[in-house]
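J.: Residue numbers (the numbering used here): 245 to 394. Dropping a structure here in structure tokens format, bear with me for questions.
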Amino acid sequence: MKVAELMTPNPDTIGPEATLEEAARRILEKRYSSLPVVDREGCLLGLLQVEDLLPHPEHIPFSDVEALQLFGEWVDVNFLENIYRRYQKAPVKAVMRTDMPRIHPEDPVGRALEALLKGDIRHLPVVDQGNRVVGILTCSDFLKLILGRR
Numbered sequence: 245m246k247v248a249e250l251m252t253p254n255p256d257t258i259g260p261e262a263t264l265e266e267a268a269r270r271i272l273e274k275r276y277s278s279l280p281v282v283d284r285e286g287c288l289l290g291l292l293q294v295e296d297l298l299p300h301p302e303h304i305p306f307s308d309v310e311a312l313q314l315f316g317e318w319v320d321v322n323f324l325e326n327i328y329r330r331y332q333k334a335p336v337k338a339v340m341r342t343d344m345p346r347i348h349p350e351d352p353v354g355r356a357l358e359a360l361l362k363g364d365i366r367h368l369p370v371v372d373q374g375n376r377v378v379g380i381l382t383c384s385d386f387l388k389l390i391l392g393r394r
């Protein structure tokens with residue numbers, strides 16, 4: 245089976261200059277868990293996942309203390325309104341992932357599953373030979389395939 249048979253074609257995308265607020269609203273409204281980030285020609289630049297929009301724990305340098313970081317800055321979860329202010333200004337390109345694997349429509353689904361598992365991601369952009377986004381594959385797509393629902 246080829247990736248083209250399993251992927252969701254023509255996924256919604258977002259530009260790198262869009263604000264994180266815009267991206268978060270679209271993710272919530274459409275119930276997405278990721279958005280491919282593309283340039284004006286539709287070429288893949290990165291991937292924005294829900295996890296990228298949330299603070300994550302980091303070790304404070306030269307200590308045993310762990311604190312939350314968002315966009316490379318330390319944040320206090322007691323002041324969530326400060327996070328919202330950052331969302332209004334920060335562009336998607338500030339937090340998007342650029343090191344994720346990508347796959348082509350004609351590739352076998354086995355290669356796509358391997359890329360998902362090795363990349364420790366849940367969404368895999370599908371691009372054509374010109375690097376334009378033509379689809380997306382998710383872990384859920386593979387579960388549907390296993391259960392015979394695709």
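We put the beta carbon where it would ideally sit given N, CA and C, even for glycine.
Any idea what DSSP makes of Ile258, helix, strand or coil?
T.: Counting from 1 along the sequence shown, the entry for residue 258 is found at position 14. Here Ile258 sits in strand by DSSP.
J.: How many whole angstroms separate the CB atoms of Met245 and Gly379, which I take to be in contact at a CB cut-off of 8 Å?
T.: One-based indexing of the sequence shown puts residue 245 at position 1. One-based indexing of the sequence shown puts residue 379 at position 135. Contact flag wrong, Cβ pair sits at about 14 Å.
J.: Helix, strand or coil: which one does DSSP assign to Ile365?
T.: Stepping through the sequence shown from its first residue, residue 365 is reached at position 121. Three-state result, Ile365: coil.
J.: Is the beta carbon of Cys287 sitting closer than 9 Å to the one on Arg376?
T.: Walking along the sequence shown from the start, residue 287 turns up at place 43. Walking along the sequence shown from the start, residue 376 turns up at place 132. Cβ distance < 9 Å, so Cys287 and Arg376 count as in contact.
J.: Put Leu279 into one of helix, strand or coil per three-state DSSP.
T.: Looking up residue 279 in the sequence shown gives position 35. If DSSP states are grouped into helix, strand and coil, Leu279 belongs with the strands.
J.: Specify, as a first and last residue, the run of the beta strand (DSSP E) that Leu288 falls within.
T.: The count along the sequence shown starts at 1 and reaches residue 288 at position 44. Where Leu288 is concerned, the enclosing beta strand (DSSP E) stretches over 288-293.
J.: Per the contact definition of three or more C-beta pairs closer than 8 Å, is the stretch 289-297 in contact with the stretch 272-279?
T.: Yes, they touch.
J.: Put Gly354 into one of helix, strand or coil per three-state DSSP.
T.: Within the sequence shown, residue 354 is the residue found at index 110, counting from 1. Here Gly354 sits in helix by DSSP.
J.: Look at the alpha carbon of Lys336 and the alpha carbon of Asn254, and state the distance between them as a whole number of angstroms.
T.: Translated into the one-based positions of the sequence shown, residue 336 becomes position 92. Translated into the one-based positions of the sequence shown, residue 254 becomes position 10. The sequence given here has Val at residue 336, not Lys. Between Val336 and Asn254, the C-alpha separation is close to 20 Å.
J.: Tell me which same chain residues have a C-beta within less than 8 Å of the C-beta of Ala262, skipping the five on either side of it?
T.: Counting from 1 along the sequence shown, the entry for residue 262 is found at position 18. Pro335, Val336, listed in sequence order.
J.: Grab me the residues of Gly363's own chain with a C-beta within less than 8 Å of its C-beta, minus the 5 sequence neighbours each way, in chain order.
T.: On the sequence shown, position 119 is the one that residue 363 refers to. Cβ within range, chain order: Met344, Pro345.
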